[in-house]
Amino acid sequence: MTLIEAIIFGIVQGITEFLPVSSTAHIVITQLLFGYSFPGLGFEIFLHLASVSAVILYFWKDLWSVIVGFIRYIMKRDRQDRTEFWFGVYILIATVITGGLGFILSDSFGEAFKTPLMIAIALTVTGVALIFIEKFHRTGKKDASTMTLMDSIIVGLGQTLAVIPGISRSGSTLIVALLRGMDKDTAVRYSFLLSIPVILGSTVLGITDFTSEMVDYIGVTNLIVTFVLTFTFSILGIIWLIDFLKKSKLVYFAIYCFVVAALVLIFIDPTTVVDV
Numbered sequence: 003m004t005l006i007e008a009i010i011f012g013i014v015q016g017i018t019e020f021l022p023v024s025s026t027a028h029i030v031i032t033q034l035l036f037g038y039s040f041p042g043l044g045f046e047i048f049l050h051l052a053s054v055s056a057v058i059l060y061f062w063k064d065l066w067s068v069i070v071g072f073i074r075y076i077m078k079r080d081r082q083d084r085t086e087f088w089f090g091v092y093i094l095i096a097t098v099i100t101g102g103l104g105f106i107l108s109d110s111f112g113e114a115f116k117t118p119l120m121i122a123i124a125l126t127v128t129g130v131a132l133i134f135i136e137k138f139h140r141t142g143k144k145d146a147s148t149m150t151l152m153d154s155i156i157v158g159l160g161q162t163l164a165v166i167p168g169i170s171r172s173g174s175t176l177i178v179a180l181l182r183g184m185d186k187d188t189a190v191r192y193s194f195l196l197s198i199p200v201i202l203g204s205t206v207l208g209i210t211d212f213t214s215e216m217v218d219y220i221g222v223t224n225l226i227v228t229f230v231l232t233f234t235f236s237i238l239g240i241i242w243l244i245d246f247l248k249k250s251k252l253v254y255f256a257i258y259c260f261v262v263a264a265l266v267l268i269f270i271d272p273t274t275v276v277d278v
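Residue numbers (the working numbering): 3 to 278.
If you want it as structure tokens, here you go:
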């Protein structure tokens, strides 16, 4: 891998990880354009680790509030910590659902999800969902104190769809959370905090793919460059998404998904399979 390619991979991953456009789809497309087939999932996991580091930094106050409230409620049963306790429980429930079903779906369907045709279809579905949630769904008023167990289950199921390249994890959780009647602030907070255990969990499960062969294949310098750029552009992506949500501009992301889906079908062999 050249330094320029490392820079491109870092920027692509960082920008798309938390925008509702599917970072996995963009990494697959970038691989196809460069003709790369990375050994195992080590490189993708490495990029996701940089992205989740950005989330932890940006939302550290929220994360700390949930952790402290969760532990303190268990120990003291103080009513003022009840909301954060249950918010933490709902994060754990959605994570378990996503992890369990995601593992089963990945194992069952395998390479069927990894073709340009499937990516184009999934991006189109994401675009349609984004238009629906912005144009035809009224934003609810449910916050962390009024969330329910069923909300966490449904969001966890929605997040599981992100096992398909082209279905955005952030997009699916935001859309489902808004459909469940959450206000935008709560939906965003839940979506981003939910990404932390999901990404860290996948990192632990795939740690064996981070091998010396993978490091030699990509290069130490290139890995450092991609990590720094992914982290930096992930922060920018988070800020950008939050700003767009305040202005109700999800339709622009939908248009982008449609354009990328069309370009994939036009310029890439739809039967190609990439190991991601």
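Yeah, the Cβ is synthetic: ideal placement off N, Cα and C, and Gly gets one too.
Is residue i helix, strand or coil when you go by DSSP?
i, result
"residue 216", "helix"
"residue 116", "helix"
"residue 77", "helix"
Residues in the same chain with beta-carbon distance under 7 Å from residue i, minus the five sequence neighbours each way, listed in chain order, please.
i, result
"residue 255", "21, 22, 23 and 132"
"residue 61", "194 and 195"
"residue 100", "158, 161, 162 and 200"
"residue 3", "220, 221 and 224"
"residue 205", "47, 50 and 51"
"residue 154", "92, 95 and 96"
"residue 148", "none"
"residue 7", "36"
"residue 247", "186 and 190"
"residue 104", "162 and 165"
"residue 1", "Coverage of the chain is limited to positions 3 through 278, which leaves residue 1 absent and any answer about it impossible."
"residue 266", "31, 118, 121 and 122"
"residue 314", "A query on residue 314 cannot be resolved here, the shown segment of the chain reaching from 3 to 278 and no further."
"residue 83", "71, 74 and 75"
"residue 139", "180 and 181"
"residue 79", "none"
Short of 8 Å in beta carbon distance, which residues of its chain neighbour residue i, apart from the five on each side in sequence? Order them along the chain.
i, result
"residue 97", "158, 196, 199, 200 and 203"
"residue 142", "180, 182, 183, 184 and 185"
"residue 145", "184, 185, 187 and 188"
Between the Cα of residue i and those of the options, spot the shortest distance and give me the residue it belongs to.
i, options, result
"residue 237", "51, 269, 30 and 59", "59"
"residue 49", "251, 227 and 242", "227"
"residue 187", "243, 266 and 80", "243"
"residue 259", "8, 6, 28 and 217", "28"
"residue 121", "88, 18, 83 and 169", "169"
"residue 241", "5, 18 and 9", "18"
"residue 252", "176, 192, 270 and 209", "176"
"residue 134", "261, 9, 192 and 257", "257"
"residue 9", "229, 167 and 90", "229"
"residue 90", "137, 174 and 74", "74"
"residue 239", "84, 63, 102 and 173", "173"
"residue 72", "88, 63 and 64", "88"
"residue 64", "26, 192 and 77", "192"
"residue 249", "209, 171, 137 and 210", "137"
Within its chain, find whatever has a CB closer than 6 Å to the CB of residue i; leave out the 5 residues flanking it on each side and keep chain order.
i, result
"residue 81", "none"
"residue 270", "34 and 118"
"residue 107", "165"
"residue 25", "15, 18 and 19"
"residue 314", "This structure leaves residue 314 out entirely; the chain is present only between 3 and 278."
key: Stretch pair the segment 6-15 + the segment 177-186: three plus CB contacts closer than 8 Å   = no
query = Counting Cβ pairs closer than 8 Å, one from the segment 233-240 and one from the segment 50-70, do we hit at least three?
reply = yes
query = So, do the segment 122-137 and the segment 62-75 have three or more beta carbon pairs nearer to each other than 8 Å?
reply = no
query = Fully enclosed by the segment 142-167, which alpha helix (DSSP H) runs are 4 residues long or longer?
reply = 151-162
inquiry  = Suppose only complete runs of 3+ residues qualify. What are the beta strand (DSSP E) ranges in the segment 8-74, listed by chain order?
reply    = Those beta strand (DSSP E) runs which fall completely within the segment 8-74 and span 3+ residues do not exist here.
inquiry  = Runs of 4 residues minimum, wholly inside the segment 222-278: which ones carry the alpha helix (DSSP H) assignment?
reply    = Counting whole runs of 4 or more residues, the segment 222-278 contains the alpha helix (DSSP H) stretches 222-248 and 252-269.
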